[in-house]
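The structure appears below as structure tokens.
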Amino acid sequence: EKGGYDHFMLKEIHEQPSAIRDTYRGRMLVKEGIIRMAGVDDNIEKFINANRIIIVACGTSWHAGLVAEYIFEDIARIPVEVEYASEFRYRNPVITNKDVVIAISQSGETADTLAAIKLAKANGAFVFGVCNVVGSSIARETHAGAYTHAGPEIGVASTKAFTTQITVLTLIALKLAKVKGEISNSNYRYHLQELELIPEKVQKALESDEHIKTVANIYKNARNCLYLGRGYNFPVALEGALKLKEISYIHAEGYPAAEMKHGPIALIDENMPIVVIATKKGHYEKVVSNIEEIKARQGKIIGIVTEGDTNVKRLADHVIEVPETLESLSPLLTTIPLQLLSYHIAVMLDKNVDQPRNLAKSVTVE
Ligand code: M6R
Numbered sequence: 250e251k252g253g254y255d256h257f258m259l260k261e262i263h264e265q266p267s268a269i270r271d272t273y274r275g276r277m278l279v280k281e282g283i284i285r286m287a288g289v290d291d292n293i294e295k296f297i298n299a300n301r302i303i304i305v306a307c308g309t310s311w312h313a314g315l316v317a318e319y320i321f322e323d324i325a326r327i328p329v330e331v332e333y334a335s336e337f338r339y340r341n342p343v344i345t346n347k348d349v350v351i352a353i354s355q356s357g358e359t360a361d362t363l364a365a366i367k368l369a370k371a372n373g374a375f376v377f378g379v380c381n382v383v384g385s386s387i388a389r390e391t392h393a394g395a396y397t398h399a400g401p402e403i404g405v406a407s408t409k410a411f412t413t414q415i416t417v418l419t420l421i422a423l424k425l426a427k428v429k430g431e432i433s434n435s436n437y438r439y440h441l442q443e444l445e446l447i448p449e450k451v452q453k454a455l456e457s458d459e460h461i462k463t464v465a466n467i468y469k470n471a472r473n474c475l476y477l478g479r480g481y482n483f484p485v486a487l488e489g490a491l492k493l494k495e496i497s498y499i500h501a502e503g504y505p506a507a508e509m510k511h512g513p514i515a516l517i518d519e520n521m522p523i524v525v526i527a528t529k530k531g532h533y534e535k536v537v538s539n540i541e542e543i544k545a546r547q548g549k550i551i552g553i554v555t556e557g558d559t560n561v562k563r564l565a566d567h568v569i570e571v572p573e574t575l576e577s578l579s580p581l582l583t584t585i586p587l588q589l590l591s592y593h594i595a596v597m598l599d600k601n602v603d604q605p606r607n608l609a610k611s612v613t614v615e
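Have a look at this one:
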């Protein structure tokens with residue numbers, strides 16, 4: 250059942266190339282330049298006329314929502330707010346019938362997300378679900394939706410659900426950008442071609458596994474760890490930190506790299522490992538200067554870099570390479586080494602990777 254892997258989590262990490270492909274297959278026709286998704290096509294007016302999109306979710310799904318915020322605003326020019334479902338539902342939010350609410354949930358059973366959906370519906374919003382489990386409560390409760398085709402995710406730590414959620418949300422953003430005329434035809438086509446290449450690039454990223462293991466071995470006894478990223482990769486930093494906390498029980502925090510000097514920089518000394526996402530596109534120079542600031546304070550730097558990078562390599566203690574892609578698609582690649590890093594650390598610490606203490610796969614009570 251684990252397909253020869255030691256844990257479900259590792260199996261699910263390795264399933265990502267096919268899970269992402271299964272998620273865009275039949276929806277994205279690259280040669281024709283078409284994206285078709287029934288749930289979006291049937292409600293296109295609602296999306297186009299929306300004043301804003303509100304994304305509600307919890308945990309890793311909330312991180313996928315944050316990535317989506319960047320792409321929806323960047324290419325489709327629709328204002329987006331991303332909310333923890335638990336906060337949204339209890340804070341008397343302003344919701345109107347001009348709002349589109351997107352609820353993201355792997356299990357489709359998360360209690361807070363379900364309650365947020367009910368509240369949004371009661372206030373007249375159009376509610377769209379992005380779920381993995383077919384026929385789940387959230388899939389049934391939403392007006393329309395698009396499934397991620399990740400297949401069953403058993404490991405409590407979410408991996409392939411995250412990357413397939415980003416895939417679905419990227420397809421929606423591209424579709425809306427095209428329909429609204431916010432993206433040029435050539436740029437749109439370019440995005441489709443690049444998205445089609447993502448599964449093989451994820452495969453390539455997975456090949457760094459042995460190297461990541463050696464890095465894991467060096468830092469497995471750390472007490473704390475920081476994850477930094479900017480732009481599209483800021484949510485990936487949050488997700489990397491969550492993965493490490495939940496399966497290895499090492500305290501970790503994700504931060505936008507520029508926020509470092511507003512507090513967390515005080516934590517940096519020679520015992521602090523800092524994972525910095527520093528891929529070529531998107532604020533590269535700025536991230537490099539953040540790395541220099543860390544180095545000046547003796548922090549240990551693990552850089553997630555674009556293949557062939559030399560600048561960060563010169564400064565960092567370790568680098569882990571991922572293939573080059575568009576900035577907007579980079580989270581699909583930079584997430585991979587972070588998943589593997591936490592996995593290996595947790596295994597080396599002899600933790601229960603698939604069923605970490607105190608956690609359940611779906612949180613059906615608030
Ligand atoms: O099933 P959902 O996507 O609604 O679950 C949301 C969170 O409970 C979930 O992502 C949780 O944070 C994971 N354990 C993270 O790996």
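Going letter by letter, the sequence shown gives residues 250 to 615 in UniProt numbering.
All residues carry an ideal CB built from backbone N, CA and C; glycine is no exception.
It should be emphasised that the depicted structure is a prediction, and the values quoted were computed from it without experimental measurement.
The ligand M6R heavy atom lying under 6 Å from the CB of S611: Because some heavy atom of the ligand M6R lies under 6 Å away, the Cβ of S611 counts as near it: yes.
Measure the C-alpha to C-alpha separation of I432 and V305 and round it to an integer number of angstroms. Approximately 26 Å, taken between the alpha carbons.
For E402, tell me which candidate among F411, L598 and G394 has the shortest Cα-Cα distance. For E402, the closest alpha carbon among the candidates F411, L598 and G394 is that of F411.
Cutting at 7 Å between CB atoms, please list the residues of its own chain near T362, excluding the five before and the five after it. V305, A306, C307, A334, A352, S354 and I387
Residue span of the beta strand (DSSP E) that contains I527, given as start and end: The sequence given here has Ala at residue 527, not Ile. First-last of the beta strand (DSSP E) with A527: P522 to A527.
What do you get for N539, buried or exposed, if any count of 16 or more other CB atoms within 10 angstroms of its CB means buried? buried
Please tell me whether, using a cut-off of 6 Å, the distance from the CB of T391 to the nearest non-hydrogen atom of the ligand M6R is below it. Incorrect: T391 has no Cβ contact closer than 6 Å to the ligand M6R.
To the nearest angstrom, how far is the alpha carbon of I262 from that of L491? 15 Å
When burial is assigned at 16 or more other CB atoms within 10 Å of the CB, is S356 buried or exposed? buried
Hey, is S356 close to the ligand M6R, as in C-beta under 6 Å from one of its heavy atoms? Answer for S356: yes, Cβ within range of the ligand M6R.
Return the Cβ separation of G288 and A393 in integer angstroms, given the expectation that the two are a contact with Cβ distance under 8 Å. 4 Å
Tell me the DSSP secondary structure of K600 in three-state form. Note: K600 maps to coil in three-state DSSP.
Please report the distance separating the alpha-carbon of L278 from that of R472. 47 Å
Contacts around T416, its chain only, beta-carbon distance under 8 Å, and the 5 residues preceding and following it disregarded: I269, T272, Y273, T397, L444, I447 and L581
Under the three-state reduction of DSSP, which class applies to E390: helix, strand or coil? helix
From the DSSP output, which residues share a beta bridge with D290? Its beta-bridge partners do not exist; DSSP assigns none.
Measure the alpha-carbon distance for K450 versus Y437 and round it to whole angstroms. 20 Å
Alpha helix (DSSP H) segment containing E445, residue limits: N434 to L455
In whole angstroms, what is the alpha-carbon distance linking Q604 and I496? 8 Å
Look at the alpha carbon of E459 and the alpha carbon of G548, and state the distance between them as a whole number of angstroms. 24 Å
Tell me whether H500 sits in a helix, a strand or coil according to DSSP, three-state version. In the three-state scheme derived from DSSP, where H, G and I count as helix and E and B as strand, H500 is classed as strand.
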